[in-house]
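Asker: Residues 195 to 355 (the numbering used here) are what the sequence shown spells out, left to right.
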Amino acid sequence: MLQDDAPDTADTTEEPIKEARLWRDRGWTAKVVKNNDDDGWAVEMYTRGQAEPALVGPWTMGRDKKNPKPLDTAAFNTLVKTASEVIRRHEQAQAALHHKEQRVGAVLVTLDIVVEDDEAHALLAARDADGAQLAQVRVPASFRLSAASAAAWVDGGFVRP
Numbered sequence: 195m196l197q198d199d200a201p202d203t204a205d206t207t208e209e210p211i212k213e214a215r216l217w218r219d220r221g222w223t224a225k226v227v228k229n230n231d232d233d234g235w236a237v238e239m240y241t242r243g244q245a246e247p248a249l250v251g252p253w254t255m256g257r258d259k260k261n262p263k264p265l266d267t268a269a270f271n272t273l274v275k276t277a278s279e280v281i282r283r284h285e286q287a288q289a290a291l292h293h294k295e296q297r298v299g300a301v302l303v304t305l306d307i308v309v310e311d312d313e314a315h316a317l318l319a320a321r322d323a324d325g326a327q328l329a330q331v332r333v334p335a336s337f338r339l340s341a342a343s344a345a346a347w348v349d350g351g352f353v354r355p
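#1: Among the candidates 351, 242, 335, whose CA atom is the shortest distance from the CA of residue 210?
#2: How long is the line joining the alpha carbons of residue 307 and residue 314, rounded to whole angstroms?
#3: Ordered along the chain, which non-local residues of its own chain (more than five positions away) have a Cβ less than 8 Å from that of residue 203?
#4: With a threshold of 16 other CB atoms inside 10 Å of the CB of residue 309, please say whether the residue is buried or exposed.
#5: So, at 7 Å on beta carbons, what are the nonlocal neighbours of residue 196 in its own chain, with the 5 sequence-adjacent residues on each side left out?
#6: What would DSSP say about residue 257, mapped onto helix, strand or coil?
#7: Go through its chain and collect everything with a Cβ distance to residue 330's Cβ below 8 Å, but skip five positions before and after it.
#8: Given this structure, state the Cα-to-Cα distance separating residue 351 from residue 345, to the nearest angstrom.
#9: Got a sec? Which residues, its chain only, sit under 8 Å from residue 333 by beta carbon, not counting five neighbours each side?
#10: Taking only the alpha-carbon atoms, compute the straight-line gap between residue 277 and residue 288 and give it to the nearest angstrom.
#11: In terms of residues, what are the limits of the alpha helix (DSSP H) holding residue 263?
#12: Consult DSSP for residue 327 and reduce its assignment to one of helix, strand or coil.
#13: Could you check the C-alpha separation between residue 248 and residue 303 for me, to the nearest Å?
#14: Just to confirm, is the Cβ distance from residue 236 to residue 227 under 8 Å?
#15: Starting from residue 360 and walking both ways along the beta strand (DSSP E), at which residues does that stretch end?
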């Protein structure tokens, strides 16, 4: 069974499909497809509304060694769990790219990139040891937070860099 941390993608308007090469349930679709790289098979996992698969992996051959093994409940649940984990890790990596921290004594300096189509920018902020905000300024998204730039900002009285 799926773990509680799996995304709740239940949709009462979508009828489940449970075929040998296509399963659709709870906002996920598993498709077994011919592997273009070799003579085997692959499985693609899609989330509802996404054109690109969240996960693509090899799929097991059936007993006849020509056709793929049919999908079943256990395999589908495992694929959903694995694809959910891939998405979660991707989101964590993206968040890490957009958030940086440097400590200057008791002051925590953070840089959060705000991705907007028309005007990407970043927010440079400082918090004291109790978590109270000391300053926040808007900087270009290209601003690089380093130990030196954080120290210079704190020592300079939080003047916009």
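The beta-carbon is built from N, C-alpha and C at its ideal position, and this holds for glycine as well. In this text the structure is predicted, and so the values were computed from the model without any measurement.
Answerer: Taking the geometry as given:
#1: Closest by alpha carbon: 242.
#2: Rounded to the nearest angstrom, the two C-alpha atoms are 7 Å apart.
#3: For residue 203, the predicted model reports a pLDDT of 41, less than 50, meaning its position is unreliable and no value from the coordinates is stated.
#4: So residue 309 ends up on the exposed side.
#5: Note on residue 196: pLDDT 33, under 50, position unreliable in the model; the coordinate value appears next. Result list for residue 196: 271, 274, 275, in chain order.
#6: Coil.
#7: For residue 330, where only same-chain residues beyond five positions count, the Cβ hits under 8 Å are 317, 318, 319, 320.
#8: Using only the alpha carbons, I get a separation of about 10 Å.
#9: A distance below 8 Å between beta-carbons, with the five flanking residues on each side excluded, links residue 333 to the following residues of its chain, in chain order: 305, 315, 316, 317, 318, 354, 355.
#10: Those two C-alpha atoms are separated by around 17 Å.
#11: If you look at residue 263, you'll find it isn't in any alpha helix (DSSP H); DSSP assigns it neither H nor E.
#12: The answer is strand: DSSP assigns residue 327 an E or B state.
#13: The alpha-carbon atoms of residue 248 and residue 303 are separated by roughly 34 Å.
#14: The answer is yes: Cβ separation under 8 Å.
#15: Outside the shown range of the chain (195 to 355) lies residue 360, about which nothing can therefore be said.
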